[in-house]
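**Student:** The numbering of the sequence shown is the working numbering, which starts it at 646 and goes up by one. I'd like to ask you about the structure that follows.
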Amino acid sequence: MTTTDKASTRDRLLDAAAEIFYREGVSVGVEALCRSAGVSKRSMYQLFASKGEVLAASLERVLPSYEALLAPDSQEEEAGPPRERILHVFERLERASAEPAYRGCPYLAALVELKDPGHPASVVARGAKEWLLGFFRARAEEGGARDPELLARQLMLVFDGASARAGAKVETLDGLTTTTVTALLDAAGMR
């Protein structure tokens with residue numbers, strides 16, 4: 646097998662893992678994962694020691710696009726003042742949640758389903774959530790919030806709760822999160 650074949654097999658496996666784990670949850674078996682990717686179990690185990698490592702690698706691989714979707718780089722046109730940057734995250738969440746294939750935040754889902762903080766995918770997922778918390782905290786500090794840490798934690802609670810409820814199809818978010826977040830930003834003295 647050539648290096649290109651291994652890379653191609655790895656890419657197919659990670660693409661399939663990201664899709665199937667998001668759609669069906671992390672309890673999907675190795676056989677279903679390999680079938681979805683069009684690779685043999687032997688090929689999977691040549692590339693990864695376990696299904697958990699495949700899940701962790703797939704979550705890690707999509708992290709840059711997840712971060713870019715929620716919080717554009719400060720150099721981009723969409724950036725703007727701290728308050729607008731926070732609201733932008735929730736506007737994106739509302740738009741994403743309206744898509745028929747939306748199942749919630751993949752990182753929150755992995756944390757909830759796995760329950761093991763030491764699992765390789767839990768480590769990646771926790772890192773993604775810490776990144777978002779840090780993003781909120783930094784914007785809260787920049788915007789003059791009275792207690793940036795508390796506001797960041799409140800925003801995470803809204804984000805995770807909203808994405809879980811929308812992902813479970815028990816809530817539509819159209820305007821709900823942005824209205825809620827606006828009230829939190831006002832109460833925190835965010836400008």
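Each residue gets a CB set at the ideal place from its N, CA and C atoms; glycine is no exception.
1. Residues in the same chain with beta-carbon distance under 8 Å from Val675, minus the five sequence neighbours each way, listed in chain order, please.
2. For the stretch 803-819 and the stretch 726-741, state whether three or more C-beta atom pairs, one from each stretch, are separated by less than 8 Å.
3. Determine whether the beta carbon atoms of Leu796 and Ala833 lie at a separation below 8 Å.
4. Name the two residues that bound the continuous alpha helix (DSSP H) containing Cys679.
5. According to the neighbour-count rule (16 or more other Cβ atoms, all chains shown, within 10 Å of its Cβ), is Val671 buried or exposed?
6. Would the beta-carbon of Ser710 fall within 8 Å of that of Ala663?
7. Please state the DSSP three-state secondary structure of His733.
8. At the level of alpha carbons, what is the spacing between Glu722 and Leu732?
9. Do Arg728 and Arg836 have their beta-carbon atoms positioned less than 8 Å apart in this structure?
10. Val826: buried (16+ other C-beta within 10 angstroms of its C-beta) or exposed?
11. Straight-line CA distance for His764 to Asp805?
12. Provide the residue span of the alpha helix (DSSP H) that contains Val699, from first to last.
13. If you reduce the DSSP assignment to three classes, tell me which class Tyr747 lands in.
14. Note down, one range per segment and in chain order, each alpha helix (DSSP H) of at least 4 residues found wholly within the stretch 739-784.
15. What residues in its chain sit with their C-beta under 8 Å from that of Leu753, if we drop five residues either side in the sequence?
16. So, are the CB atoms of Thr817 and Phe735 less than 8 Å apart?
**Tutor:** Looking at the atomic coordinates:
1. Lys686, Met689, Lys696
2. Touching, yes, given that three or more Cβ pairs across the two stretches are closer than 8 Å.
3. yes
4. Per DSSP, the continuous alpha helix (DSSP H) segment holding Cys679 begins and ends at 675-682.
5. buried
6. no
7. helix
8. A caution first: Glu722 carries a pLDDT of 48, below 50, which makes its placement in the model unreliable, though a value can still be read off. Computed Cα separation, rounded: 15 Å.
9. Result yes, Cβ atoms of Arg836 and Arg728 sit closer than 8 Å.
10. buried
11. 20 Å
12. Here the alpha helix (DSSP H) through Val699 covers 696-715.
13. coil
14. 751-759
15. Within its own chain, the residues whose Cβ lies closer than 8 Å to the Cβ of Leu753, once the five positions on either side in sequence are excluded, are Ala770, Lys774, Asp805, Ser808, Ala809, listed in chain order.
16. no
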